[in-house]
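Notes to accompany the following structure.
Numbering (full-length UniProt numbering), first residue to last: 1 to 523.
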């Protein structure tokens, strides 16, 4: 009996301690902005609960980052009359080797946002499709632009020039404030993001407050960990060159060479320059400093480029202005957070082989803009967060199509010693070479003009079935049947994991997701 009383006393004491600890933690959390950052925050709470900066420079939205996504978003929200404070770590012209090709679907979104003039006066080049090269053979894949205005096409340009034009356009609005500074942390109060802490160009530590903070600080984001579950994969690296006065076999087209071990890309970025991107699988690349890279490009890759480009390619290598950049992919896996949202490469990345990153970002901005347009008050963080959960579903048709295509095409286009993978690669090239619906279907998916996930899956498995047919005709053998079986299982192994990471339900059945029907808050 005494033992029973002893155990009861221990249990009651333990439960009491747990309750007291929870109460203390809850009170500590509710006492303002999180303990690790709260002391340095200067805040003024208005009577209605709105957050305002101590210096009086109020904003409706803080945008962290002024790249393609951040600048376009700032201009779009500013046009609606919202006060936007943009904080960008470096306002000088960026110098990057990616983000230089905008697909026609992205250009249509640019028009929708009123930013189409940003591709003017930067020597941007129109792009009308792709040319695909393999083992001395080639085929042209044209964008299906027949039903669009004559100005609609892809655009390729210097990334930095494009971004500067967009920044200028955003800064031209009186209610958009563009400031150089590095955001070091998000400020949280009672579970809601109220603003940011940042360091100015001259080293001052400041805070800024707004009902909504949108993080667009790019692929190297230091803020995404608190707003999503980042699973970043680095399948390969790009080695970038600029070829001068080079005449591509097909003018105004991107060129994809199915080289060994992985693809090489060429596309114009001005009237006199062609960008070359050599993909190297893995995260380790030959050293540029000791000449290993130059030797690799000349001995392994140069003989695989078309003869028309060979001399320009070697000259660019000899010139020595070689750049490298890791290629990242990261599925969107957000934590819905009151007062904050992720956009652009900070939120979602895919392999840049298909040039779809800017198209996804601009499409996301159109979706977000449509959701925010009926709202005048953004101060109800929890209800706004619940409403904006629909953003993650509404963006899926475009984003998941481009993301899945990028990941699948990179794996199919990369060389492999496996015979089934070799057959899949050859089948893809031959399938696209058939023309008609066999080329316009896939290229319309890649271009962002037909963002339908089901169409993507159908074409992908049509390639696999076409490959099996090539193996079995005219005389199937046990070996060919076995390779065909491995081809279809290999194709499934490529695309299904990507679809799973994108979310099967959101990708194919978005109307069954409750957030799809969220109505704007009444306030």
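Beta carbons are placed, not taken as given, at the ideal position from N, Cα and C, and that holds for glycine. Because the structure is a prediction, the values reported are computed rather than measured.
The beta strand (DSSP E) with residue i in it runs from where to where?
i: residue 243; result: 233-244
i: residue 131; result: 129-134
i: residue 279; result: 273-281
i: residue 88; result: 84-88
i: residue 340; result: 340-342
i: residue 163; result: Note, residue 163: premise wrong, no beta strand (DSSP E); alpha helix (DSSP H) at 159-171.
i: residue 186; result: 176-189
i: residue 255; result: 254-257
i: residue 98; result: Looking at the DSSP string, residue 98 is not in any beta strand (DSSP E), and its letter there is neither H nor E.
Between the alpha carbons of residue i and residue j, how many angstroms are there, rounded?
i: residue 362; j: residue 184; result: 26 Å
i: residue 69; j: residue 476; result: 52 Å
i: residue 327; j: residue 407; result: 11 Å
i: residue 49; j: residue 115; result: Note that residue 49 has pLDDT 43, beneath the 50 cutoff, so the model's placement of it is unreliable and the number below is only indicative. Distance between the alpha carbons of residue 49 and residue 115 is about 35 Å.
i: residue 162; j: residue 484; result: 46 Å
i: residue 317; j: residue 311; result: 10 Å
i: residue 241; j: residue 350; result: 21 Å
i: residue 305; j: residue 86; result: 43 Å
i: residue 167; j: residue 409; result: 33 Å
i: residue 51; j: residue 210; result: Low confidence applies to residue 51: its pLDDT is 45, below 50, so where it sits in the model is not reliable, and the reading given next is rough at best. If I take the Cα positions, the gap works out to 6 Å.
i: residue 92; j: residue 181; result: 12 Å
i: residue 33; j: residue 195; result: Interpretation of residue 33 is limited by its pLDDT of 40, a score under 50 that renders its predicted location unreliable; the figure taken from the coordinates is listed afterwards. Distance between the alpha carbons of residue 33 and residue 195 is about 10 Å.
i: residue 520; j: residue 373; result: 10 Å
i: residue 382; j: residue 511; result: 23 Å
i: residue 266; j: residue 256; result: 7 Å
i: residue 353; j: residue 522; result: 43 Å
i: residue 507; j: residue 513; result: 10 Å
i: residue 239; j: residue 357; result: 18 Å
i: residue 249; j: residue 308; result: 7 Å
i: residue 206; j: residue 199; result: 6 Å
i: residue 386; j: residue 478; result: 56 Å
i: residue 421; j: residue 319; result: 36 Å
i: residue 505; j: residue 335; result: 18 Å
i: residue 343; j: residue 217; result: 8 Å
Measure the beta-carbon distance from residue i to residue j and round it to whole angstroms, keeping in mind my assumption that it falls under 8 Å.
i: residue 78; j: residue 175; result: 5 Å
i: residue 82; j: residue 98; result: With a Cβ gap of about 30 Å, residue 82 and residue 98 do not count as contacting.
i: residue 118; j: residue 190; result: With 8 Å as the limit, residue 118 and residue 190 do not qualify as a contact, their Cβ atoms being about 40 Å apart.
i: residue 159; j: residue 121; result: Not really, about 15 Å apart at Cβ, beyond 8 Å.
i: residue 332; j: residue 253; result: At roughly 31 Å, the Cβ-Cβ gap does not stay under 8 Å, so residue 332 and residue 253 are not in contact.
i: residue 347; j: residue 225; result: Not really, about 12 Å apart at Cβ, beyond 8 Å.
i: residue 365; j: residue 72; result: 5 Å
i: residue 67; j: residue 448; result: With 8 Å as the limit, residue 67 and residue 448 do not qualify as a contact, their Cβ atoms being about 19 Å apart.
If I follow the unbroken alpha helix (DSSP H) through residue i, where does it start and stop?
i: residue 411; result: 396-413
i: residue 329; result: Residue 329 -> not in any alpha helix (DSSP H); beta strand (DSSP E) instead, spanning 323-329.
i: residue 491; result: 478-502
i: residue 138; result: It is not in any alpha helix (DSSP H) - residue 138 instead sits in the beta strand (DSSP E) that spans 137-142.
i: residue 62; result: Unbroken run through residue 62 is the beta strand (DSSP E), 61-64; no alpha helix (DSSP H).
i: residue 105; result: 104-112
i: residue 459; result: 453-472
i: residue 427; result: 419-433
Cα-Cα, which of the options is closest to residue i?
i: residue 208; options: 409, 197, 192, 319; result: 197
i: residue 245; options: 455, 313, 298; result: 313
i: residue 338; options: 233, 180, 392, 193; result: 193
i: residue 391; options: 426, 518, 441, 102; result: 518
i: residue 405; options: 472, 424, 445; result: 445
i: residue 515; options: 179, 271, 393; result: 393
i: residue 139; options: 436, 482, 206, 211; result: 436
i: residue 418; options: 491, 104, 478, 387; result: 491
i: residue 251; options: 463, 427, 129; result: 129
i: residue 177; options: 64, 231, 273; result: 64
i: residue 461; options: 107, 427, 204, 96; result: 427
i: residue 429; options: 466, 451, 287; result: 466
i: residue 500; options: 469, 487, 453; result: 453
i: residue 287; options: 322, 299, 273, 102; result: 322
i: residue 154; options: 103, 148, 173; result: 103
i: residue 204; options: 219, 188, 179; result: 179
i: residue 276; options: 289, 292, 285, 297; result: 297
Under 8 Å Cβ to Cβ from residue i, same chain only, skipping five residues before and after it: list those, please.
i: residue 503; result: 396, 400
i: residue 107; result: 116, 119, 152, 153, 154, 155
Within a Cβ cutoff of 6 Å, which residues of the same chain sit near residue i, ignoring the five residues on either side of it in sequence?
i: residue 578; result: No answer is possible for residue 578: the residues shown for the chain start at 1 and end at 523.
i: residue 260; result: 415
i: residue 125; result: 156, 268
i: residue 369; result: 76
i: residue 234; result: 283, 326, 328
i: residue 360; result: 399, 402
i: residue 123; result: 270, 271
i: residue 439; result: 141, 432
i: residue 74; result: 63, 84, 86, 170, 176
i: residue 95; result: 160
Using a Cβ-Cβ cutoff of less than 7 Å, which residues in the same chain neighbour residue i once the five nearest sequence positions on both sides are dropped?
i: residue 340; result: 186, 193, 213, 215, 227
i: residue 423; result: 467, 471, 483, 487
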